[in-house]
Amino acid sequence: MGRLIKNHWARLIILSAAAWQVGASIEGFIWPKVFWDFITKNLDGAVGPIPILQIINLVLGIVALAWEWPLKPLAGTLPHRSIELRLLVYPLSALACALMYQSGDVAVYYLIGMGIYFWAYSEGEVVCPVPWTLPKRSMLQPARILLDIDIDIDRIADSRAMNEHGIIVDHDDDVDRKRSFEGRLNRFLHHTDTKPIRQRRIITRSVSSSSSPSSPSSPSVPATSRTTPSPRKSYRLQEDQCNLTRKPKPRRKRSDNDPHNQPLSQTLYPSRLRDTIPPNLILLLVGVNPGLLTGSTGYAYAHPSNLFWKLLHSSGITPIRHPPSDTYKLPELYSIGNTNIVERPTRDASMLSKAEMDAGVPVLEAKIALNKPEAVALVGKSIWESIWRVRHGGRAIKKDEFRYGWQDESENMGRCPGWEAGARVFVATTTSGLAATMSMQQKQEVWNELGRWVQQRRMERDINKSHYF
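So the sequence shown is numbered by UniProt numbering: it starts at 1 and just counts up by one.
So, in structure tokens, the structure goes:
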């Protein structure tokens, strides 16, 4: 059973629609009527007194007939062979038919024909100059004698077959598959062969050498005499095993402290985020490090999944929910500052080593001692763990020693001569959207405790200002 040629099928449908369109337009001259006149009379001017719509349908119908059953001057030209052009013109024919009463059904035929033409186009078919014929293809190719060229049998067997005379014959299925829409896409795909064993065919010729063997003392030089091939050809089939079991070279294990172990995007581009630590703040918020979005925009906690700005508002620290672009307004509005223990931006905090975080502790202590905020809120447990390690000789904090909220006064930060009390330390939960160890309710309870203290201190400062003035 032969294969269905889609463009032949579409041609039959379009020919029927075009003939019907011509007949309907002639009838429209006798009985002018718009298909949609039962809804509105505004389109009646298209059919009378000047039969504009009838003329358009008549012209389009004749064009379609001449196109699908081509006139000799038109046959084989680019417009006749182009399916794309048909898909542009036939929608206009369908629209014109849908407007006239006599040709309403013709529009459906045009739509069906266009759908089948698109199917043919996706299969890679072409329209032939002569109706009901197939494109001419050279099915046979002359035999090729290859010398010392490896041919992968697995790939050759998929697309070609060799007959008994040694002539390579292309399969019809593979030719159509290559010319189809899917086949054209596959041309841009990269295929890798991971088979451990490949069969290769090496076509060689038996030769008779007339040169005499060289003496052992003479230097080795290539033979310049031309060998005479014998009429007898021999085909060798060899199996070549690929060396895919090659042992990988041992790699040196990089430590977490190695800066070269970090992605380029995280080491080449510095963060645009700047500290906001004016003197005598009520609260200084300390994060782990900027994320990639924060580092590129310069706004703190800029990622949409981060809960920082939401918790800042819901806890009462800010009366409204601010966007990240208000980062540098917080000190002036609410006496709240922001900084990080590590300045280098990364995708998430897990990409920071313990040594890198511990190295940021003395820098953080110096910032606090210089600007003397009343309290410091550490946004994340890992920040307090780093501070604890530095203060306790590298010992990790025990589970029973850790708690969220206010820490003992002995753990105050930024102590210096003239400011022995230092800043109180509050350990808050992380606001990262990647952290799922605590529920939203648990995080909210911790932040509410901090929010109540901030509101109280803000009220006390406002009262002191009013008494002063």
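Built from N, CA and C at the ideal position, the CB exists for glycine as well.
Residues bridged to V376 [DSSP beta-bridge criterion]: L284 and V425
Nearest-angstrom Cα separation, counted from Q455 out to D462: 11 Å
Unbroken alpha helix (DSSP H) run spanning N57, endpoints: I52 to E68
Closest Cα partner of L434 within the set V106, Y301, E385 and S122: Y301
Rounded C-alpha distance that separates P304 from R391: 35 Å
Residue environment, A423, which counts as buried when at least 16 other CB atoms sit within 10 Å: buried
Extent of the continuous alpha helix (DSSP H) to which N371 belongs: K354 to N371
Own chain residues within Cβ distance below 8 Å of L95, not counting five before or after: A107
Nearest-angstrom Cα separation, counted from E123 out to V59: 31 Å
Host beta strand (DSSP E) of T339 (start-end): I336 to N340
Spatial distance of S353 from N464 (CA atoms): 45 Å
Enclosing alpha helix (DSSP H) for F29 [first to last residue]: K6 to I30
Exposure label - K398; buried when at least 16 CB within 10 Å: exposed
Simplified DSSP assignment, three categories, for W276: For the record, residue 276 in the displayed sequence is Thr; it is not Trp. The answer is strand: DSSP assigns T276 an E or B state.
As assigned by DSSP and simplified to three states, the class of M114: helix
CB-CB length for M100 against G28, believed under 8 Å: 6 Å
Contacts around Y117, its chain only, beta-carbon distance under 7 Å, and the 5 residues preceding and following it disregarded: N7, A10, I83, R86 and L87
Assumed close pair R389, R395 - CB separation to whole angstroms, cut-off 8 Å: 7 Å
Same chain, Cβ closer than 6 Å to F308, five either side skipped, listed in chain order: Y301 and T431
Top-ranked residue by Cα proximity to P51, from I62, V89 and P32: P32
Candidates T318, G298, G414 and H322: closest to R344 by CA position: G298
Residue from E374, E385 and P417 with nearest C-alpha to E409: E374
C-beta contact flag for V379 and A428 at 7 Å: yes
Environment of T346 [buried if 16+ CB atoms lie within 10 Å]: buried
Contact check, S315 vs W447, beta carbons under 7 Å: yes
From N340, P279 and P319, residue whose alpha carbon lies closest to that of G291: N340
Option in A17, D400 and E445 with minimal Cα separation from G104: A17
Paired residues, beta bridge with G405 - DSSP: V427
Local Cβ density within 10 Å of G451, reported as buried at 16 or more and exposed below that: buried
G295, enclosing alpha helix (DSSP H) - first and last residue: L292 to T297
Inter-residue spacing [alpha-carbon to alpha-carbon] between N412 and E385: 14 Å
Coil, strand or helix - C128 by DSSP: coil
Candidates Y90, E401, P79 and S439: closest to I56 by CA position: Y90
V130 burial status per 10 Å Cβ neighbour count (16 or more: buried): exposed
CB of T276 within 7 Å of CB of N371, strictly: no
Other residues of its chain near P331: CB distance less than 6 Å, five sequence neighbours each side excluded: T276, P278 and G337
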